[in-house]
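Residues 0 to 227, numbered by numbering that gives the first Met the number 0, are exactly what the sequence shown covers, in order.
Heads up, the beta-carbon is just placed ideally off N, CA and C, and yes, glycines get one too.
Being a predicted model, the structure only gives us computed values, none of them experimental.
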Amino acid sequence: MSNESLVSARVADAIGGAIVRGDYPAGSVLPSELDLCEQFGVSRTGIREALKMLGSKKLISPRRRVGGIVNERSLWSLLDPDVLRWMRGAPTDMRLLKDLARLRLAIEPEAARQAALHQDRAAIDAIRIAGEAMAADPAQALMADIAFHVAVLRASGNRFFQALGPMVESALAMSIPVTNEVKQVPKADILLHMAIHDAIRDGHADEAAERAHELIAETVRLLELAEG
């Protein structure tokens, strides 16, 4: 990536994060290109490229002579990895967390089923390693939990499930602290995670799907409790 592209990406990152945080509400107009040039100390070309990036993610609708108009959230490319990452830095949105958990509930049990049928031994080992890491180091439990679920997607052998890794990663990064607080525990249910691994390892497809469904359904329940 060229220096100019890196600059544009940095500007897009700053503006995108601000939009997702709510600093620029839907329908608001971004500062002019000239104002953005002064704010970020970059050329108009760099600003225009950054706005194109945000436009491609549907966060804004570019307008000539105007930096852009912020779109309604319903128009955003919510599965875009950058948009998901920016959401992690925004105030907690319980509706978003529940929507993501329900999406996971529709996807991950089938991914676990397919992983049990696919039997990619290296990928299954990655699931085990992540599960063991959850138990071994409380300080790394969150990252290990995320790695476990992403590894299940990879083990499915389905490229579309695998492509949803960033969504699952962001969903877990936002929801795990909330659900752990509701349960008053420092980390997730390791035994149930390892039951998913064991069922996948042993080729028990239905059981793998059932255990994954059980785990994520509990997440949905806890998020509903957290919302009150």
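N-terminal and C-terminal residue of the beta strand (DSSP E) that residue i is part of
i          : result
residue 60 : 59 to 62
Residue environment, residue i, which counts as buried when at least 16 other CB atoms sit within 10 Å
i           : result
residue 55  : exposed
residue 37  : exposed
residue 200 : buried
residue 226 : exposed
residue 67  : buried
residue 152 : buried
Chain B within 8 angstroms of residue i, Cβ atoms only
i           : result
residue 140 : Absent here is chain B; the protein component of the structure consists of one chain.
Continuous alpha helix (DSSP H) stretch holding residue i: start and end
i           : result
residue 71  : Here residue 71 belongs to no alpha helix (DSSP H), and DSSP marks it neither H nor E.
residue 212 : 204 to 226
residue 161 : 158 to 162
residue 99  : 93 to 117
Neighbourhood of residue i by C-beta, 7 angstroms cutoff - its chain only, sequence neighbours within 5 removed
i           : result
residue 156 : 113, 117, 119
residue 228 : The shown model of the chain, from 0 to 227, leaves out residue 228, and the question about it has no answer.
Straight-line gap, residue i to residue j (C-alpha atoms, nearest Å)
i           : j           : result
residue 43  : residue 148 : 42 angstroms
residue 105 : residue 98  : 11 angstroms
residue 33  : residue 9   : 17 angstroms
residue 221 : residue 182 : 8 angstroms
residue 41  : residue 75  : 26 angstroms
residue 27  : residue 21  : 10 angstroms
residue 71  : residue 202 : 44 angstroms
residue 50  : residue 96  : 27 angstroms
Beta-carbon proximity list for residue i, same chain, < 6 angstroms, skipping 5 on both sides
i           : result
residue 130 : 147, 192, 193, 196
### Message
Between the segment 128 to 138 and the segment 159 to 168, can you find at least three pairs of beta-carbon atoms closer than 8 angstroms?
### Response
no
### Message
For the segment 205 to 214 against the segment 162 to 182, do three or more pairs of beta-carbon atoms, one drawn from each stretch, fall closer than 8 angstroms, so that the two count as touching?
### Response
no
### Task
Decide if the segment 182 to 191 is in contact with the segment 82 to 91; the criterion is three or more beta carbon pairs, one per stretch, under 8 angstroms apart.
no
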